[in-house]
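Read in order, the letters of the sequence shown are residues 0 to 371 in numbering that gives the first Met the number 0.
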Amino acid sequence: MTRPIEAIISLANLQHNFSVVRRLTPGARIMAVVKANAYGHGAVRVAGALAPLADAFGVASLEEAVELRDAGIDKPIVLLSGVFGRAEMREVARYGLGTVIHCAEQLQILLDTQLCQPIDVWLKLDTGMHRLGFTPDGFRQAAARLRTAEQVANRVFLSHLACADNSSEDLNERQLTTFRNTIDELGVRSGDGLSLANSAALLTRPDMHFDWVRPGVMLYGVNPLSGEVPLPEGVELRPVMTLHSRIVALQTVPAGESVGYGEGWRAPGLLNSSSTSPSRIAVVAAGYGDGYPRHARNGCPVLVNGRPAAIAGRVSMDLLTVALGDDQQAKVGDTVTLWGEGLAVESIAAYSETIAYELLTGVNQRVKFSYE
Numbered sequence: 000m001t002r003p004i005e006a007i008i009s010l011a012n013l014q015h016n017f018s019v020v021r022r023l024t025p026g027a028r029i030m031a032v033v034k035a036n037a038y039g040h041g042a043v044r045v046a047g048a049l050a051p052l053a054d055a056f057g058v059a060s061l062e063e064a065v066e067l068r069d070a071g072i073d074k075p076i077v078l079l080s081g082v083f084g085r086a087e088m089r090e091v092a093r094y095g096l097g098t099v100i101h102c103a104e105q106l107q108i109l110l111d112t113q114l115c116q117p118i119d120v121w122l123k124l125d126t127g128m129h130r131l132g133f134t135p136d137g138f139r140q141a142a143a144r145l146r147t148a149e150q151v152a153n154r155v156f157l158s159h160l161a162c163a164d165n166s167s168e169d170l171n172e173r174q175l176t177t178f179r180n181t182i183d184e185l186g187v188r189s190g191d192g193l194s195l196a197n198s199a200a201l202l203t204r205p206d207m208h209f210d211w212v213r214p215g216v217m218l219y220g221v222n223p224l225s226g227e228v229p230l231p232e233g234v235e236l237r238p239v240m241t242l243h244s245r246i247v248a249l250q251t252v253p254a255g256e257s258v259g260y261g262e263g264w265r266a267p268g269l270l271n272s273s274s275t276s277p278s279r280i281a282v283v284a285a286g287y288g289d290g291y292p293r294h295a296r297n298g299c300p301v302l303v304n305g306r307p308a309a310i311a312g313r314v315s316m317d318l319l320t321v322a323l324g325d326d327q328q329a330k331v332g333d334t335v336t337l338w339g340e341g342l343a344v345e346s347i348a349a350y351s352e353t354i355a356y357e358l359l360t361g362v363n364q365r366v367k368f369s370y371e
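See the structure below:
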């Protein structure tokens, strides 16, 4: 029998979230970022649902791009990390893709490779994140070389923000200033193909929208702003993935007895006390072998048939245990929501000392995926 853990993907919620992006950026084109299997949601199905709406798709690798092309996605697709050799550059042209160029080595690969057709090049400027991108001087030199290169169809100029999720960070202003100054020195203006805003900047910084915005995690219903910062007024993002499983066993644990590996949780009351009621524990078919976070600590919320409950004890590979409290209705076979509708994945991430991105991309092939 198939294990009952399942990820239900709401394509309607995905399209709703895209409509939020469109409303916030009416003058910009939208690159929907679907790297890492669309943040764990299934790249082919997600791109198929967004293909009538998006202006382009962003992926991390050639393999991710080819998967979409082979599935019939004909919108522009851009390799956000670029290519790693001349053979890959030729494949970019063969599949009609675009690519980021972020260093001198990639630029030389492009200029040294004969292509079957010109490609769109997204030239990346390092404005302060210091991960990928040319220095301002190197960027100006690269832009000049691309201007007359026969391999290039169109140029787009982009950078990436390091702290957009925290609007109070000074680095945001420094990056914007560097981007504007460098672009101005090239004589490029908005409308010529500029891109800076990710999900967080899209929500909070209209002055960073330029010609292309690149929403990622917000498309999947996750608040990209740091900490407990709420979404701007009037913005509603809906969860796209709901991960749920079922109760496979119930245990009655006497006061003072422990649950799970390492005695990670103990039933309230003194050991062998007859004055304290035993605790009712539900055993759920989900664990870190499915992608649920092992480090989710005691108290991490779940929903049992829509009613609040909490993890009690260590998450194991295949199972987790839930303290039912006063809930006397729960029974074997009942649905347990691990995140999604009614239970934000961000709250699970906080209890697990990680981020929602890691949880969503970590759901693996042991989990059945359903689309609605």
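Don't be surprised by glycine CBs; every beta carbon is placed ideally from N, CA and C.
Query raised in the report: So which of N297, E340, V228 and H15 has the shortest CA-CA distance to S167?
Result: To locate residue 167, count along the sequence shown from 1; it is residue 168. For the residues N297, E340, V228 and H15, the minimum Cα distance to S167 belongs to V228.
Report task. Could you say if the region 262-276 and the region 350-365 meet the contact criterion of at least three C-beta pairs nearer than 8 Å? Result -> Cβ pair count under 8 Å is below three, so no.
Report task. Could you name the residues of the same chain whose beta carbon sits closer than 6 Å to that of V362, not counting the 5 residues immediately before and after it, in chain order? Result -> Indexing the sequence shown from 1 puts residue 362 at position 363. Contacts found: A6, G39 and G290.
Query raised in the report: For A348, which of D54, R296, G47 and E172 has the nearest alpha-carbon?
Result: Looking up residue 348 in the sequence shown gives position 349. Out of D54, R296, G47 and E172, R296 has the C-alpha closest to the C-alpha of A348.
**Report entry** A35 - DSSP class collapsed to helix/strand/coil
**Finding:** Here residue 35 is taken as the residue at index 36 of the sequence shown, counted from 1. Under the three-state reduction of DSSP, A35 is assigned to helix.
Query - In chain order, each beta strand (DSSP E) run of at least 3 residues that lies wholly inside the region 140-219 - result: With a minimum length of 3 residues, the continuous beta strand (DSSP E) runs that stay inside the region 140-219 are 151-157.
**Report entry** CB-CB length for G226 against P238, believed under 8 Å
**Finding:** What you label residue 226 is simply residue 227 of the sequence shown in a count that begins at 1. What you label residue 238 is simply residue 239 of the sequence shown in a count that begins at 1. The distance from the Cβ of G226 to that of P238 is about 19 Å, inconsistent with a contact at the 8 Å cut-off.
Query raised in the report: Do the region 155-175 and the region 115-128 make contact, defined as three or more Cβ pairs closer than 8 Å?
Result: The region 115-128 and the region 155-175 touch, with three or more beta-carbon pairs separated by less than 8 Å.
Query raised in the report: DSSP state of F138, grouped into three classes?
Result: What you label residue 138 is simply residue 139 of the sequence shown in a count that begins at 1. Correct three-state label for F138: helix.
Query raised in the report: Opposite G57 in the DSSP bridges: which residues?
Result: As a working note, residue 57 is residue 58 in the sequence shown. Partner(s): V32 and V77.
Query raised in the report: Taking DSSP as the reference, what is the three-state secondary structure of M128?
Result: For the purposes of this step, residue 128 is identified with residue 129 of the sequence shown, where counting begins at 1. In the three-state reduction of the DSSP assignment, M128 falls in the coil class, being assigned neither a helical nor a strand state.
Query raised in the report: What residues in its chain sit with their C-beta under 7 Å from that of T24, if we drop five residues either side in the sequence?
Result: On the sequence shown, residue 24 is found 25 positions in, with the first residue counted as 1. Within the same chain, and ignoring the five residues on either side of T24 in sequence, the residues whose Cβ sits closer than 7 Å to its Cβ are L201, H208 and V212.
**Report entry** Other residues of its chain near E371: CB distance less than 8 Å, five sequence neighbours each side excluded
**Finding:** Position 372 of the sequence shown holds residue 371. If you ignore the 5 residues before and after E371, its C-beta comes within less than 8 Å of the C-beta of I7, I8, S9, L10 and A11, all in its own chain and listed in chain order.
Query raised in the report: Leaving out five residues before and five after L334 in sequence, what residues of the same chain have Cβ atoms less than 7 Å from its Cβ?
Result: Taking the sequence shown and counting its residues from 1, one reaches residue 334 at position 335. Looking at the sequence itself, residue 334 is Thr, so the reference to Leu does not match. So the list reads H243, R245 and N304, once near-sequence residues are dropped.
Query raised in the report: Is K34 closer than 9 Å to V58 when the C-beta atoms are compared?
Result: Looking up residue 58 in the sequence shown gives position 59. Looking up residue 34 in the sequence shown gives position 35. A contact, by the Cβ cut-off of 9 Å.
Requested in this report: From the DSSP output, in three-state form, read off D362 for me.
Outcome: Taking the sequence shown and counting its residues from 1, one reaches residue 362 at position 363. The sequence given here places Val at residue 362; Asp does not occur at that position. Three-state DSSP puts V362 in coil, outside helix and strand.
Report task. Could you check what DSSP says for F133 in three-state terms: helix, strand or coil? Result -> Here the question's residue 133 lines up with position 134 in the sequence shown. Here F133 sits in strand by DSSP.
Query - Reduced DSSP secondary structure (H/G/I, E/B, other) of R293 - result: The residue labelled residue 293 in the question sits at position 294 within the sequence shown. It is coil, neither helix nor strand.
Query raised in the report: Opposite Q250 in the DSSP bridges: which residues?
Result: Counting from 1 along the sequence shown, the entry for residue 250 is found at position 251. Partner(s): I280.
Query raised in the report: Can you name the start and end residues of the beta strand (DSSP E) that A6 belongs to?
Result: Mapped onto the sequence shown, residue 6 falls at position 7. E5 to I8 is the span of the beta strand (DSSP E), which, as asked, contains A6.
**Report entry** Reference A31; option with closest CA among S60, A37, F56 and Q14
**Finding:** Indexing the sequence shown from 1 puts residue 31 at position 32. Measuring C-alpha to C-alpha distances from A31 to each of S60, A37, F56 and Q14 identifies F56 as the nearest.
Query raised in the report: Straight-line CA distance for N180 to A103?
Result: Counting from 1 along the sequence shown, the entry for residue 180 is found at position 181. Counting from 1 along the sequence shown, the entry for residue 103 is found at position 104. Answer to the nearest angstrom: the Cα atoms are 21 Å apart.
Report task. Determine the closest residue to G84 out of A37, G71 and S60, with distance taken between C-alpha atoms. Result -> Against the sequence shown, residue 84 aligns to sequence position 85. For G84, the nearest C-alpha among the options comes from S60.
Query - The alpha helix (DSSP H) enclosing D111, as first and last residue numbers - result: If you number the sequence shown from 1, residue 111 lands on position 112. Taken as a continuous stretch (DSSP letters only), the alpha helix (DSSP H) holding D111 covers A103 to D111.
Query raised in the report: When the Cα atoms are used, what is the spatial distance from V366 to T176?
Result: Here residue 366 refers to the residue found at position 367 of the sequence shown. Here residue 176 refers to the residue found at position 177 of the sequence shown. Each residue's alpha carbon lies about 45 Å from the other.
Query raised in the report: According to the neighbour-count rule (16 or more other Cβ atoms, all chains shown, within 10 Å of its Cβ), is P214 buried or exposed?
Result: The sequence position of residue 214 within the sequence shown is 215, counting from 1. Buried: at least 16 other Cβ atoms inside 10 Å.
Query raised in the report: In terms of alpha-carbon separation, which member of D183, R293 and G268 lies closest to E256?
Result: Numbered from its first residue, the sequence shown carries residue 256 at position 257. Of D183, R293 and G268, the residue nearest in Cα terms is G268.
Report task. Kindly indicate which three-state DSSP category V258 falls into: helix, strand or coil? Result -> Counted from its first residue, the sequence shown places residue 258 at position 259. Correct three-state label for V258: strand.
Query raised in the report: Alpha carbon to alpha carbon, how far is L224 from M217?
Result: Residue mapping note: residue 224 aligns to position 225 of the sequence shown, counting from 1. Residue mapping note: residue 217 aligns to position 218 of the sequence shown, counting from 1. Taking the straight line from one Cα to the other gives about 10 Å.
Query - Residue closest to K74, alpha-carbon to alpha-carbon, out of T275, D54 and V283 - result: Against the sequence shown, residue 74 aligns to sequence position 75. Residue nearest to K74 within the set T275, D54 and V283 is D54 (criterion: CA-CA distance).
Query raised in the report: If you drop the 5 nearest sequence neighbours on each side, which residues of the same chain put their C-beta closer than 6 Å to that of W338?
Result: The residue given as residue 338 occupies position 339 in the sequence shown. Beyond the five residues adjoining it in sequence on each side, W338 comes within less than 6 Å, by CB distance, of L242, V344 and I347 in the same chain, given in chain order.
Query - Helix, strand or coil at R237 according to DSSP, with G and I counted as helix - result: Looking up residue 237 in the sequence shown gives position 238. It is coil, neither helix nor strand.
Query raised in the report: Which residues bound the beta strand (DSSP E) around Y350?
Result: Here residue 350 corresponds to residue number 351 of the sequence shown, with the count starting at 1. Looking at the DSSP string, Y350 is not in any beta strand (DSSP E); the run it does join, the alpha helix (DSSP H), is V344 to Y350.
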